[in-house]
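2 protein chains.
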Amino acid sequence: MPFSNNPNHNHLLAALPQEEFEPVAAHLELVTLRLGEILYEPDEQLQYAYFPTTAIVSLHYVMASGASAESAGVGNEGVVGISLFMGGDTTPSSAVVQTAGHAFRLARQLFKQEFQRAGLLQGLLLRYTQALLTQMAQTAVCNRHHSVEQQLCRWLLLTLDRLPSQELIMTQELVASMLGVRREGITEAAGNLQRAGCISYRRGHISVLDRTGLEKRSCECYGVVKKEFARLLCDVQYRQGLPNTIQQVFPQQPHHTAAFTRPDLTR
Amino acid sequence: MPFSNNPNHNHLLAALPQEEFEPVAAHLELVTLRLGEILYEPDEQLQYAYFPTTAIVSLHYVMASGASAESAGVGNEGVVGISLFMGGDTTPSSAVVQTAGHAFRLARQLFKQEFQRAGLLQGLLLRYTQALLTQMAQTAVCNRHHSVEQQLCRWLLLTLDRLPSQELIMTQELVASMLGVRREGITEAAGNLQRAGCISYRRGHISVLDRTGLEKRSCECYGVVKKEFARLLCDVQYRQGLPNTIQQVFPQQPHHTAAFTRPDLTR
DNA sequence: TCCGCTTTGTACGCCAGCGCACAGACCGGC
DNA sequence: GCCGGTCTGTGCGCTGGCGTACAAAGCGGA
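So the sequence lines, in the order shown, correspond to chains D and U. Position 51 of the first sequence, counting from 1, maps to 151 under this note's numbering, and the rest follow consecutively. Position 249 of the second sequence, counting from 1, maps to 349 under this note's numbering, and the rest follow consecutively.
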């Protein structure tokens with residue numbers, strides 16, 4: 101698990117100007133999130149907002165039958181706990197750690213307070229929420245129309261964008277439960293991708309070898325979500341006077357362009 | 101098309117206290133929305149926010165292939181144009197009128213201004229947005245796991261809740277494009293529902309005869325969304341001193357309880 | 001080094017929903 | 001009352017993904 105004690109690894113925190121960052125920083129708490137850890141369950145009062153640095157959290161809904169599906173993921177680009185400032189406090193979905201790692205957390209009241217200040221943070225969080233909305237809407241469409249293989253590609257790419265490395269620590273079983281499909285479906289799709297040279301994997305480890313290949317095999321949904329995140333969140337200025345390590349986290353981003361005809365707004 | 105020149109028919113407008121409602125009311129503009137009318141398209145700058153009274157608007161995404169699917173609907177419980185106050189201004193999805201009717205619209209700048217005031221309206225809009233988020237997340241899950249018939253039931257119920265009557269003016273073709281399935285699939289599912297005595301229909305008209313029957317045949321998704329909307333938005337006090345006509349719009353709500361084991365929070 | 005648990009591979013039948021094609025029914029307008 | 005366009009019903013064959021079952025392989029700990 102890569103260690104990260106730099107709040108700047110989280111894009112939202114990194115985007116705050118010094119004067120807004122300092123009051124928050126004093127109360128940030130570095131926590132380790134373990135695979136499978138549950139940050140909140142349906143209708144449960146959330147006590148903290150989590151700003152992931154190296155961890156990835158999955159927002160998903162578990163049905164009465166036990167079947168489940170992810171509606172969105174949250175990594176270093178965002179924050180877990182939207183409902184705190186949106187006013188609902190709870191949600192019918194749950195948040196589960198999908199990739200172990202670190203996050204900074206901020207107590208509920210402080211988080212709400214900072215939002216209420218109506219400073220840059222508020223606008224930032226609202227724009228992030230809109231991006232999340234897009235991700236959910238696109239997931240709905242994708243679930244309706246695209247093949248398991250396409251969805252796997254989309255999901256791998258989105259996950260990869262949130263990680264510092266090319267490797268995911270993840271069993272096929274877990275991927276399947278994220279996408280809400282059978283484990284065997286993932287075995288088959290992953291097998292195809294491996295044969296095509298896009299990825300290679302062994303027991304619980306998936307390495308991406310050919311990112312462009314994945315983008316070609318993915319549906320348009322990845323591009324739509326990616327573009328929207330870039331549009332909504334990449335215009336923000338990163339705080340000056342502190343090391344901006346974001347570039348190290350997404351070393352491969354400049355290459356996105358190749359696979360998409362739309363202009364790349366990521367930079 | 102039922103006529104409605106009372107802003108109180110929209111729940112959000114009705115929930116505003118007199119002092120917040122008045123400055124807004126002066127600028128509300130009653131508009132007629134025709135079936136199929138497009139309120140905004142992907143990446144198009146939205147000029148107005150729309151508060152439907154009798155109209156229903158569908159937020160949906162059209163893919164490159166032409167296939168499409170709805171991620172959420174907006175009726176008299178909400179507002180079209182979230183992105184204006186969320187900060188993105190545009191979205192990758194479009195908004196199309198799914199049921200003809202009326203809405204009050206508010207110019208972009210005024211809408212933003214009122215949101216910025218950070219009064220009751222702001223909190224209300226944010227809570228509405230969270231409810232919308234839930235609807236999208238649930239649509240994603242539903243698309244993944246439930247049968248066309250279950251989804252049709254969910255969709256009919258959600259639409260019915262936004263209408264004053266028991267009848268939908270809607271061809272099967274249109275329903276199919278909302279759910280993102282084949283028209284024939286709807287013919288079959290609707291046929292089943294008719295044989296079961298839940299609905300009756302003729303060319304472009306669907307009448308609901310047995311609401312409870314629909315609830316029994318629907319998946320849990322309808323209940324989840326309904327409950328969340330109720331939780332997030334029904335605690336608001338309706339403005340005093342003006343006729344509150346909301347109850348006429350949802351005459352059947354008290355009967356929801358029968359079909360769901362969860363407590364009914366709608367009242 | 002070996003054992004045992006977890007993870008992955010493969011095979012089978014099954015069926016919901018798709019794509020296509022066309023027939024029949026309905027409704028509105030002339 | 002008739003006519004034409006729209007909407008609905010039905011019947012194919014096809015296929016992607018499901019459920020089930022079990023075998024093989026990999027990895028970690030003793």
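C-beta atoms are modelled at their ideal positions from N, C-alpha and C, and glycine is treated no differently.
key: For ARG317(U), the first and last residue of its enclosing alpha helix (DSSP H)   = 311-317
request  = Assign THR191(U) to buried or exposed, taking buried as 16 or more other Cβ atoms, counted over all protein chains shown, within 10 Å of its Cβ.
outcome  = buried
Residues in the stretch 201-234 of chain D having any Cβ partner in chain U nearer than 7 Å = ALA218, GLY223, LEU226, ARG227, THR229, GLN230, LEU233 and THR234
C-alpha distance - HIS111(U) paired with GLN266(D), whole-angstrom precision = 48 Å
request  = Can you have a look at SER307(D) and say buried or exposed, based on whether 16 or more other CB atoms are within 10 angstroms of its CB?
outcome  = exposed
request  = Might you give, ordered along the chain, the residues of its own chain that have their beta carbon closer than 8 Å to the beta carbon of GLN292(U), omitting 5 neighbours on each side?
outcome  = The residue asked about is misnamed: residue 292(U) is Asn in this sequence, not Gln. Same-chain partners within the cutoff: GLU249.
query = Does any CB atom of chain U fall closer than 9 Å to the CB of TYR140(D)?
reply = no
query = Could you give the distance in angstroms between the alpha-carbon of ARG331(D) and the alpha-carbon of ARG295(U)?
reply = 50 Å
inquiry  = Does chain D have any CB closer than 9 Å to the CB of GLU249(U)?
reply    = no
inquiry  = Cutting at 7 Å between CB atoms, please list the residues of its own chain near GLY175(D), excluding the five before and the five after it.
reply    = PRO152, ILE156 and ARG262
Assumed close pair SER165(D), SER277(D) - CB separation to whole angstroms, cut-off 8 Å = Incorrect: roughly 13 Å between the Cβ atoms, too far for contact.
request  = Please determine if the stretch 191-204 of chain D and the stretch 118-137 of chain D are in contact, where contact requires at least 3 C-beta pairs separated by less than 8 Å.
outcome  = yes
query = Residues in its own chain within less than 6 Å of THR239(U) by CB, not counting five upstream and five downstream?
reply = SER171
message = Is there a Cβ of chain D sitting closer than 9 Å to that of GLY181(U), yes or no?
response = no
ask   = On the three-state DSSP scale, how would you describe PRO343(U)?
value = Residue placement at PRO343(U) is poorly supported in this model, since its pLDDT is 47, which falls under 50; the coordinates still yield a value, given next. In this structure, PRO343(U) counts as coil in the three-state DSSP scheme.
inquiry  = Looking at chain D, is there any beta carbon in it that lies within less than 9 Å of the beta carbon of GLN272(U)?
reply    = no
request  = Can you give me, in chain order, the residues of the stretch 185-198 of chain U that have a beta carbon less than 9 Å from any beta carbon in chain D?
outcome  = PHE185, MET186, GLY187, GLY188, THR190, THR191, PRO192 and SER193
request  = Return the Cβ separation of TYR301(D) and ALA289(D) in integer angstroms, given the expectation that the two are a contact with Cβ distance under 8 Å.
outcome  = Going by Cβ atoms, the distance from TYR301(D) to ALA289(D) rounds to 12 Å, so no, they are not a contact pair.
task = Please report how far the alpha carbon of SER158(U) lies from the alpha carbon of PHE215(U), in whole angstroms.
result = 23 Å
request  = With a 10 Å radius around its C-beta and 16 neighbouring C-beta atoms as the bar for buried, classify SER183(D) as buried or exposed.
outcome  = buried
message = Rounded to the nearest angstrom, what separates ARG283(D) and ARG303(D) at their Cα positions?
response = 14 Å
task = Would you mind telling me which residues of chain U sit closer than 7 Å to ASN243(D), beta carbon to beta carbon, in chain order?
result = ALA240, ASN243 and ARG244
VAL157(U): first and last residue of the uninterrupted beta strand (DSSP E) it sits in = 156-162
ask   = For GLN347(U), is the classification buried or exposed, using 16 other Cβ atoms within 10 angstroms of its Cβ as the cut-off for buried?
value = Confidence at GLN347(U) is low in this model, with a pLDDT of 37, below 50, so its placement is unreliable and the value that follows should be read with caution. So GLN347(U) ends up on the exposed side.
request  = Return the CA-CA distance between MET236(D) and MET236(U), expressed in angstroms with no decimal places.
outcome  = 6 Å
query = What are the start and end residues of the beta strand (DSSP E) that includes ARG302(U)?
reply = 299-302
ask   = Using the C-alpha atoms, what's the distance from PRO142(U) back to PRO123(D)?
value = 38 Å
ask   = Where LEU279(U) and PHE121(D) are concerned, what is the direct C-alpha to C-alpha distance, given to the nearest angstrom?
value = 44 Å
key: Local conformation of GLY291(U) per DSSP, three classes   = helix
request  = Please list the residues of the stretch 164-181 of chain U that have a C-beta atom closer than 7 Å to any C-beta atom in chain D, keeping them in chain order.
outcome  = ALA164, ALA167, ALA169 and SER171
ask   = Between ALA231(U) and GLY178(U), is the Cβ-Cβ spacing less than 9 Å?
value = yes
message = Does GLN266(U) come out as helix, strand or coil in the three-state DSSP assignment?
response = coil
inquiry  = What would DSSP say about PRO107(D), mapped onto helix, strand or coil?
reply    = helix
request  = Note down, in chain order, every chain D residue with its Cβ under 8 Å from the Cβ of LEU332(U).
outcome  = GLY187 and GLY188
task = Could you list the residues in the stretch 267-291 of chain U with a C-beta less than 9 Å from some C-beta on chain D, going in chain order?
result = LEU279, GLY280 and VAL281
Cβ neighbours of THR271(D) in the same chain (closer than 8 Å, five flanking residues each side left out) = ARG303 and GLY304
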